[in-house]
Amino acid sequence: MNALSALAIAGGPAGPVGDYGGRWVGAKEIRLLDTSLPALYRIDRATLATSVQPLSGADAPLDPYGMALPGDGTVWTLADKGRFVFRFSEATGERVEKRRLPEPCQGIATFWNHAGLFAVRLRPNERMLLRAENGALRPFSPLSSRSAPGLAEILIANLLRCGSGTKAAIPCWFVAGDPEVLLVDRIGIIRPIAVPSFALPSPARGVSREPGVAFTYPIRDAFLIDGQAIWTLTNQEGDRTPLENGARRGRHVTLVRGRRSERTLELPAEARAILDATERSLVVLFADGTVRRIHVP
Amino acid sequence: MTLTRFASARLLVPTLAVTAGLAAAAPAQGAGCIQFYAECLVRASDLDTWWQRSAAGIDCYLDTVACLRRAYT
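Protein chains in written order, with my numbering: chain G, 7 to 303; chain S, 120 to 192.
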């Protein structure tokens, strides 16, 4: 815990977010998981006034793999590298349940009234999106794992993330690969949306044996405004993959409507996530841990 | 342990040599997670029993997923 974080917990102003672990967007409030404390930042959507709610009772490190608030009065997070689900009381922040998962997972997000868990996959054509039912994990979408030439490539090719959705759909994407957002609807059906990319193939592709250079990493976050409009935040920009020295990341957001890119904004610094969005403004978490509203000119 | 975990362990152990070779040939700047994975599996392979090796292998694998997620997302 750093000094700023301690200040925030003591009731002072919220300091920069430490280790961003995921977010949830409600009608009036954004909740943001900081796994380094651990705590929830509770941000008023209108004013960006922030309070910090500590999470207590975690006896294993929380994973920065997302969070879910499925409406059962608890906040779900993953812990111990995806082995466990912890549930914390929304009211008090105290842990109310620790559950070992039947299989380790790499992510978690709110899918309306349930928590969606993202499986870790070593083989192609296996279901990726699961939900807990009667002590088992059951798939709820045909979204499936992809193939790749080697084990390391398979692990990279099947890194999956999901962003903020609407009543109708949740945007998900594979971290490595084509610039494409997959809109998952309430019955799990997927609709792909092509989005702009600033990522270029690495010049070492086909030469280097480092598995990461076989891919590009175009998308860092996505925020669906309605059925047609989605903001995306870039991940890799240029030809250096995120692991390479000098990599440029998270410097542009683009509004895509239907099949068209309507607007692209350059951000003043590297961004980590889109916390809120309309067509006229965005609330952005920057890589330095600050939260700022960006107005669309 | 579930069937899924068994399957993971069975896949991991035979890939040891391949992954170690792959990481050894990789450039230093981008190979952090995979290099770690290879070294972790080498350490796991030195353990005494099949159960210990399998459990340690799964730890290596989940550590690597965590490393990759942190690096690329």
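We put the CB at the ideal spot given by N, CA and C, even for glycine.
Short CB-CB distance (under 7 Å) between residue i and chain G
| i | result |
| --- | --- |
| S/Val184 | yes |
| S/Arg188 | yes |
| S/Leu181 | yes |
| S/Thr192 | yes |
| S/Pro146 | For S/Pro146, the predicted model reports a pLDDT of 33, less than 50, meaning its position is unreliable and no value from the coordinates is stated. |
| S/Ala143 | Confidence in S/Ala143 is poor, its pLDDT being 35 and thus under 50, which makes the residue's placement unreliable; the coordinate value appears in the next sentence. Not closer than 7 Å to any Cβ of chain G, the Cβ of S/Ala143 fails to qualify, so no. |
| S/Gly149 | Below a pLDDT of 50, predicted positions are generally treated as unreliable, and S/Gly149, at 39, falls in that range; the measurement from the model is reported next regardless. By this cut-off, S/Gly149 is an interface position. |
Test: residue i CB closer than 7 Å to a CB of chain S
| i | result |
| --- | --- |
| G/Gln234 | no |
| G/Tyr223 | yes |
| G/Pro248 | yes |
| G/Leu165 | yes |
| G/Ile114 | no |
| G/Leu135 | no |
| G/Ala55 | no |
| G/Ala45 | no |
| G/Leu161 | yes |
| G/Pro110 | yes |
| G/Lys87 | yes |
| G/Val187 | no |
| G/Ala293 | no |
| G/Ala158 | yes |
| G/Gly24 | no |
| G/Val181 | yes |
| G/Val126 | yes |
Close-in-space but distant-in-sequence residues of the same chain around residue i (CB under 6 Å, 5 per side omitted)
| i | result |
| --- | --- |
| G/Glu304 | Beyond the ends of chain G as shown, which are 7 and 303, falls residue 304 of chain G; an answer cannot be given. |
| G/Arg286 | Val302 |
| G/Arg197 | Leu189 |
| G/Val187 | Pro177, Trp179, Ile199, Val201, Ala228 |
Per-residue burial, residue i [other beta carbons within 10 Å of its own, 16 or more giving buried]
| i | result |
| --- | --- |
| G/Ala5 | Only positions 7 to 303 of chain G appear in this structure, which leaves residue 5 of chain G out of reach. |
| G/Asp232 | exposed |
| G/Lys173 | exposed |
| G/Glu159 | buried |
| G/Ser153 | exposed |
| G/Ile114 | buried |
| G/Ile193 | exposed |
| G/Thr260 | buried |
| G/Glu243 | buried |
| G/Thr284 | exposed |
| G/Ala182 | buried |
| S/Phe154 | The question names Phe, but residue 154 of chain S is Gln in the sequence shown. Burial call: buried. |
| G/Gly212 | exposed |
Anticipated Cβ contact below 8 Å, residue i with residue j, distance rounded
| i | j | result |
| --- | --- | --- |
| S/Val184 | G/Val31 | S/Val184 to G/Val31, Cβ: 26 Å. No contact. |
| G/Val289 | G/Leu54 | 7 Å |
| G/Leu165 | S/Tyr156 | That belief does not hold up - the Cβ atoms of G/Leu165 and S/Tyr156 are roughly 14 Å apart, past 8 Å. |
| G/Ile199 | G/Val262 | 7 Å |
| S/Leu181 | G/Ile162 | Actually they are not in contact, since the Cβ atoms of S/Leu181 and G/Ile162 sit about 15 Å apart, beyond 8 Å. |
Closest residue to residue i among the options (Cα-Cα distance)
| i | options | result |
| --- | --- | --- |
| G/Gln234 | G/Glu268, G/Arg257, G/Asp227 | G/Glu268 |
| G/Ser150 | G/Leu166, G/Arg133, G/Glu159 | G/Arg133 |
| G/Leu135 | G/Arg144, G/Leu128, G/Arg129 | G/Arg144 |
| G/Ala210 | G/Thr222, G/Phe124, G/Val201, G/Ala163 | G/Thr222 |
| G/Ile195 | G/Ala142, G/Ala175, G/Thr247 | G/Ala175 |
| G/Val58 | G/Pro22, G/Ile193, G/Gly212 | G/Pro22 |
| G/Asn119 | G/Ser147, G/Thr284, G/Gly77, G/Pro130 | G/Gly77 |
| G/Arg167 | G/Ala74, G/Gly99, G/Ala142, G/Ile36 | G/Ala74 |
| G/Pro185 | G/Leu230, G/Ile162, G/Ala142, G/Thr238 | G/Thr238 |
Residues near residue i in its chain [Cβ-Cβ closer than 7 Å; skip 5 each side]
| i | result |
| --- | --- |
| G/Arg89 | Arg106, Leu107, Pro110 |
| G/Asn3 | Outside the displayed range of chain G (7 to 303) lies residue 3 of chain G, so it cannot be described from this structure. |
Residues near residue i by beta carbon distance below 8 Å, same chain, minus five either side
| i | result |
| --- | --- |
| G/Leu68 | Gly27, Leu39, Thr41, Pro44, Leu61, Thr83, Leu84, Ala85, Phe92 |
| G/Ile272 | According to the sequence as given, residue 272 of chain G is Glu; it is not Ile. Hits under 8 Å: Arg257, His258. |
| G/Gly156 | Pro217 |
| G/Pro207 | Thr222, Asp245 |
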